[in-house]
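Asks: After the structure tokens below, expect a handful of questions from me.
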Amino acid sequence: MRSHALRVEPPSVAVPSCCAPLPGALVEPTALSDERCAAPTLSLVSAPPQWVAPGMTEKMAAFLAQEPETPCLVVDLDVIEDNYRRLRGALPAAEVYYAVKANPALPLLARLVGLGSSFDTASLPEIDMCLDVGADPARLSFGNTIKKARDIAAAYERGVRLFAFDAEEELEKIARHAPGSQVFCRLFVDNKGAQWPLSRKFGCSATMARDLLRKADRLGLDAHGVSFHVGSQQNDPGQWDVALAQVADLFTALAADGVSLGMVNLGGGLPTPYGAPVMDVNAYGTRVMAAVERLFGGQTPRLIVEPGRYMGGNAGILETEVVLVSRKDDADDRRWVYIDAGRFNGLAETEGEAIRYPIVTSRDGDPEGPVILAGPTCDSVDILYDKSGCRLPLSLKAGDRLRLLSAGAYTTTYASVGFNGFAPIRAHYL
Ligand SMILES: Cc1ncc(COP(=O)(O)O)c(C=O)c1O
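Numbered per the numbering used here, the sequence shown spans residues 686 to 1115.
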């Protein structure tokens, strides 16, 4: 889990007399970045002695050197842009629909609008956030399979024409409140190999999907295609092959029924680096396109990809402060390290220790020992890492800072509004 800190030159920025807001950052919600269309020049920090994290950009380092109030997330929008451009290069045949749920910050959405991205939304508020930053409603997908009828109607009124479903009742709601729209059916697929599986909650069997897409056609909707999600942080690109084979069979079966599908939604699942090496996005692109070409012959359908974690993850560093270091008994070899970020103010994905953020500290290089890492609330569930072998410097004490890397996705909004009085994590967009 640990990453070793590099020591670098202190960045040459003025240290402000107070912590917030700090110069150089957009604190969300706020005005949009003026730089949103500029091509990013990613310069990674590379020299000692300021402690930094692998993959940390100079912008991030300069900002964090001002010691912003913790806990906070710092996101470099140039990394988002770089991720977007690399995905477009790896999968040029696919339209990118950014999964807004991963990080719906307005500066981030605005940067993606400037780049020409489309958006996968889970709710009406997410639709409105996209529209607020100038997204075209025709480039939005209402991708949640669980929607209230009035939200479908409101989305339709705003110009949204692409809707997901996986059940008959949902299809009927869409036919009634978004007549004539394009619909796609979500297939249930295996999430083997995913670090954050999306379980049985979404999708239906291929047999049911065939019936429902036929019904969509009868209801006057445009039976546009099929979607799937191979599970988040999917480390095996081969899982797309498996899912695509099911989709191709469905295309063939429906063609025989007189329903011609045109779109395959490849979902999310592309990984972000959490310390363990992940395959480059090009490897995923090559594998997916080989499967599409093999399974669909010369007739490549419209392709959509919905990256969330991939787009935001490595763009963000979460800075926290140590509140307490203790042992439950003098004989204990493991210390408890309590920090000011926990399960309820941004680190929900430590559930089951599924997502293991690499950690660097200001005392890296000192001798280290095993710890249980926990959050600040009075709830005993608020433990981040107990079983996954977390080790931190023995010299660590209250007031020291810790950095959790690749924390730009599924953190800021994955927080309670104020459990135990702790606010969601403050975020800065650079
Ligand atoms: C419909 C849909 N698309 C895309 C995503 C993004 O997935 P990931 O963050 O793994 O890229 C999700 C995540 O839950 C989702 O529900």
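Just so you know, even glycine gets a beta-carbon here, dropped at the ideal spot from N, CA and C. Since we're looking at a predicted model, the values are computed, not measured.
Determine the extent of the alpha helix (DSSP H) in which glycine 970 is found, giving its start and end residues.
Replies: Mapped onto the sequence shown, residue 970 falls at position 285. 966-981 is the extent of the alpha helix (DSSP H) around glycine 970.
Asks: Just to confirm the assignment, what range does the beta strand (DSSP E) spanning threonine 1098 have?
Replies: Residue mapping note: residue 1098 aligns to position 413 of the sequence shown, counting from 1. That residue, threonine 1098, is in no beta strand (DSSP E); it is neither H nor E in DSSP.
Asks: Taking the runs of the beta strand (DSSP E) that are 3 residues or longer, which of them lie wholly in the segment 796-872?
Replies: 803-806, 825-827, 847-850, 867-871
Asks: Applying the criterion that 16 or more other CB atoms from any shown protein chain within 10 Å of the CB defines a buried residue, is cysteine 815 buried or exposed?
Replies: As a working note, residue 815 is residue 130 in the sequence shown. With 16 or more Cβ atoms within 10 Å of its Cβ, cysteine 815 is classed as buried.
Asks: Considering only residues of the segment 756-780, which uninterrupted beta strand (DSSP E) runs meet the minimum length of 3 residues and lie entirely inside it, listed in chain order?
Replies: 757-760
Asks: Is histidine 909 near ligand 1, going by C-beta to nearest heavy atom under 7 Å?
Replies: Along the sequence shown, one-based indexing puts residue 909 at 224. Flag unset: Cβ of histidine 909 not near ligand 1.
Asks: Which stretch, first to last residue, makes up the beta strand (DSSP E) that contains leucine 988?
Replies: Mapped onto the sequence shown, residue 988 falls at position 303. Boundaries of the beta strand (DSSP E) harbouring leucine 988: 987-990, taken from the DSSP string.
Asks: On the three-pair Cβ rule with 8 Å, is the segment 826-837 touching the segment 849-863?
Replies: These segments touch.
Asks: DSSP on alanine 790, reduced to helix/strand/coil?
Replies: As a first step, residue 790 is located in the sequence shown; it is residue number 105 there, counting from the start. DSSP places alanine 790 in coil when its eight states are reduced to three.
Asks: Assign cysteine 1063 to one of two classes, buried (16 or more other C-beta atoms within 10 Å of its C-beta) or exposed (fewer than that).
Replies: As a position in the sequence shown, residue 1063 is number 378, starting the count at 1. Exposed is the call here.
Asks: Considering only the alpha carbon of each residue, which of Ser808, Phe804, Val915, Ile1068 lies closest to aspartate 821?
Replies: Reading the sequence shown from its first residue, position 136 is the one you call residue 821. For aspartate 821, the nearest C-alpha among the options comes from Phe804.
Asks: Is glutamate 743 close to ligand 1? I mean its beta-carbon at under 7 Å from any heavy atom of the ligand.
Replies: Here residue 743 refers to the residue found at position 58 when the sequence shown is read from its first residue. No.
Asks: Between glycine 865 and ligand 1, is there a pair consisting of the residue's CB and a ligand heavy atom that are separated by less than 7 Å?
Replies: Locating residue 865 in the sequence shown gives position 180, counting from the first residue. Because no heavy atom of ligand 1 lies under 7 Å away, the Cβ of glycine 865 does not count as near it: no.
Asks: Between which two residues does the alpha helix (DSSP H) harbouring threonine 1062 extend?
Replies: For the purposes of this step, residue 1062 is taken as the residue at position 377 of the sequence shown. Unbroken run through threonine 1062: none, as it is neither H nor E.
Asks: Determine, using beta carbons only, whether glycine 1001 and alanine 1092 come nearer to each other than 8 Å.
Replies: Sequence index remark: in the sequence shown, residue 1001 carries index 316 (1-based). Sequence index remark: in the sequence shown, residue 1092 carries index 407 (1-based). Contact: yes.
Asks: Between histidine 914 and ligand 1, is the CB less than 7 Å from at least one heavy atom?
Replies: Position 229 of the sequence shown holds residue 914. Answer for histidine 914: yes, Cβ within range of ligand 1.
Asks: Indicate whether proline 1061 and valine 1008 have their beta-carbon atoms separated by less than 8 Å.
Replies: Working through the sequence shown from its first residue, we reach residue 1061 at position 376. Working through the sequence shown from its first residue, we reach residue 1008 at position 323. Yes, Cβ-Cβ distance for proline 1061 and valine 1008 is below 8 Å.
Asks: Is alanine 828 near ligand 1, with its Cβ less than 7 Å from a heavy atom?
Replies: Your numbering for residue 828 matches position 143 in the sequence shown. Alanine is not the amino acid found at residue 828; the sequence shown has glycine there. Glycine 828: yes, Cβ under 7 Å from ligand 1.
Asks: So, using beta-carbon positions, are glycine 910 and valine 949 closer together than 8 Å?
Replies: Taking the first residue of the sequence shown as 1, we reach residue 910 at position 225. Taking the first residue of the sequence shown as 1, we reach residue 949 at position 264. Contact: yes.
Asks: Does the segment 939-958 come close enough to the segment 1071-1089 to have 3 or more Cβ pairs within less than 8 Å?
Replies: no
Asks: Could you pull out every residue in the same chain whose Cβ sits closer than 6 Å to the Cβ of valine 927, ignoring the five residues on either side in sequence?
Replies: Taking the first residue of the sequence shown as position 1, residue 927 is located at position 242. So no residue of the chain qualifies.
Asks: State the beta-bridge partners of valine 1008 as determined by DSSP.
Replies: Here the question's residue 1008 lines up with position 323 in the sequence shown. Beta-bridge pairing links valine 1008 to no other residue.
Asks: What's the C-alpha gap between histidine 914 and aspartate 1017?
Replies: Taking the sequence shown and counting its residues from 1, the one referred to as residue 914 is at position 229. Taking the sequence shown and counting its residues from 1, the one referred to as residue 1017 is at position 332. C-alpha separation (whole angstroms): 43 Å.
Asks: Taking DSSP as the reference, what is the three-state secondary structure of aspartate 902?
Replies: On the sequence shown, residue 902 is found 217 positions in, with the first residue counted as 1. Note: aspartate 902 maps to helix in three-state DSSP.
Asks: Please check the pair valine 966 and alanine 775, which I expect to be a contact at CB under 8 Å, by giving their CB distance rounded to whole angstroms.
Replies: Position 281 of the sequence shown holds residue 966. Position 90 of the sequence shown holds residue 775. Confirmed, Cβ separation roughly 4 Å.
Asks: Does the Cβ of proline 789 lie closer than 7 Å to at least one heavy atom of ligand 1?
Replies: The count along the sequence shown starts at 1 and reaches residue 789 at position 104. No, Cβ of proline 789 sits at least 7 Å from all heavy atoms of ligand 1.
Asks: Could you round the C-beta distance between tyrosine 1042 and tyrosine 1114 to whole angstroms and report it? I think they count as a contact, below 8 Å.
Replies: Here residue 1042 refers to the residue found at position 357 when the sequence shown is read from its first residue. Here residue 1114 refers to the residue found at position 429 when the sequence shown is read from its first residue. Contact between tyrosine 1042 and tyrosine 1114 is absent: CB atoms are separated by about 19 Å, not below the 8 Å threshold.
Asks: From glycine 943 to leucine 727, what does the alpha carbon distance come to, in whole angstroms?
Replies: Stepping through the sequence shown from its first residue, residue 943 is reached at position 258. Stepping through the sequence shown from its first residue, residue 727 is reached at position 42. Glycine 943 and leucine 727: Cα-Cα distance of roughly 50 Å.
Asks: What are the boundary residues of the alpha helix (DSSP H) that includes arginine 994?
Replies: Here the question's residue 994 lines up with position 309 in the sequence shown. From DSSP, the alpha helix (DSSP H) with arginine 994 extends over 994-997.
Asks: At a cut-off of 7 Å, is glutamate 754 close to ligand 1 when judged by its beta-carbon and the heavy atoms of the ligand?
Replies: As a working note, residue 754 is residue 69 in the sequence shown. No, since every heavy atom of ligand 1 falls outside the 7 Å radius drawn around the Cβ of glutamate 754.
Asks: Is proline 992 near ligand 1, in the sense that its beta carbon is under 7 Å from a heavy atom of that ligand?
Replies: In the sequence shown, the residue the question calls residue 992 occupies position 307. Because some heavy atom of ligand 1 lies under 7 Å away, the Cβ of proline 992 counts as near it: yes.
Asks: Determine the contact status of glutamate 991 and glycine 1037, defining contact as a CB-CB distance below 8 Å.
Replies: Translated into positions along the sequence shown, residue 991 becomes position 306. Translated into positions along the sequence shown, residue 1037 becomes position 352. Not in contact: glutamate 991 and glycine 1037 (Cβ atoms no closer than 8 Å).
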